[in-house]
Amino acid sequence: MLLGIIADTHLPKGARRLPDRCVELLRGSDLIVHAGDFSSLAALDEIRAIGPPVEAVYGNVDSAEVGRELPAERVFTADGVAIGLVHDGGAARGRLERMRRRFPSAAAVILGHSHIPLHEDANGFQIFNPGSPTERRRSPTHTMGLARIEDGRISFELVPLD
């Protein structure tokens, strides 16, 4: 199973849009995962229209409509693997262990908020932040993520979009 992972899209904002390569990879995924900060319900609808089912949470800049549509955090199962999803994982120090405690049934947690890609793994538990495909901030490139689930294991890949 292939998951296309994005966060912090902040749409619409001027002429900003998802990069073509991002849309192509999302369309080719079995499931789209968005870790919050769509900004508007129109952006959520646009991502849902790409095709594959969407698992998502709302973020700190999302409109009230998005907040009514989506939870702040969730655990979903993809091909038998439990995955936690939250927008803001908090301070960097101790984040991996904090996420492990917050999502004890999950093999991994996907998060956003910082716009900075991150992948940490300790004793079989992983956290992953795909960065942002639209607003890179301090990151050198716009990014997204892919995750492959095979034989009950999840592996993450960061995908540069520039």
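Take any residue in the sequence shown, count from 1 to its spot, add 111: that is its number in my numbering.
Each residue gets a CB set at the ideal place from its N, CA and C atoms; glycine is no exception.
Determine the burial state of residue i: buried for a count of at least 16 other Cβ atoms within 10 Å of its Cβ, exposed for fewer.
| i | result |
| --- | --- |
| D274 | Residue 274 lies beyond the range of the chain shown here (112 to 273); nothing can be said about it. |
| S216 | exposed |
| E208 | exposed |
| E166 | buried |
| G170 | buried |
| N234 | exposed |
| A203 | exposed |
| G242 | buried |
| G223 | buried |
Only counting the same chain, and skipping five residues up and downstream in sequence, which positions put a Cβ closer than 7 Å to that of residue i?
| i | result |
| --- | --- |
| L272 | P130, R132, C133, P244, T252, H253, T254 and M255 |
| A193 | V186, S216, A217 and A218 |
| V270 | L136, T254, M255, G256 and L257 |
Give the single residue among the options whose Cα lies nearest to the Cα of residue i.
| i | options | result |
| --- | --- | --- |
| A153 | R128, S140, S225 and L114 | R128 |
| F187 | L196, L181 and L155 | L196 |
| I238 | E261, E246, S266 and R247 | S266 |
| I161 | S250, A258, E135 and R259 | E135 |
| E180 | R159, G200 and I194 | R159 |
| A183 | D199, S250 and L142 | D199 |
| E246 | I227, V192 and A175 | I227 |
| K124 | G205, V172, R206 and R249 | V172 |
| E268 | A175, E231 and R212 | E231 |
| S174 | A189, L114, G147 and L113 | G147 |
| D190 | I117, G139, R206 and R259 | R259 |
| F236 | E261, G178, E176 and M210 | M210 |
| R206 | S140, G178 and N240 | N240 |
With DSSP run on the structure shown, which of helix, strand or coil describes residue i?
| i | result |
| --- | --- |
| A217 | coil |
| R138 | helix |
Excluding sequence positions up to five away, which residues of its chain have a Cβ less than 6 Å from the Cβ of residue i?
| i | result |
| --- | --- |
| P164 | L142 |
| V144 | L114, I116, E166 and I221 |
| R213 | none |
| R248 | H226 |
| R138 | I161 and G162 |
What does a CB cutoff of less than 8 Å around residue i pick up in its chain, not counting 5 residues either side in sequence?
| i | result |
| --- | --- |
| L122 | R128, L129, F149, S150, S151, A153, A154, E157 and T245 |
| V168 | H145, A146, G147, L181, P182, A183, E184, R185, L196, V197 and H198 |
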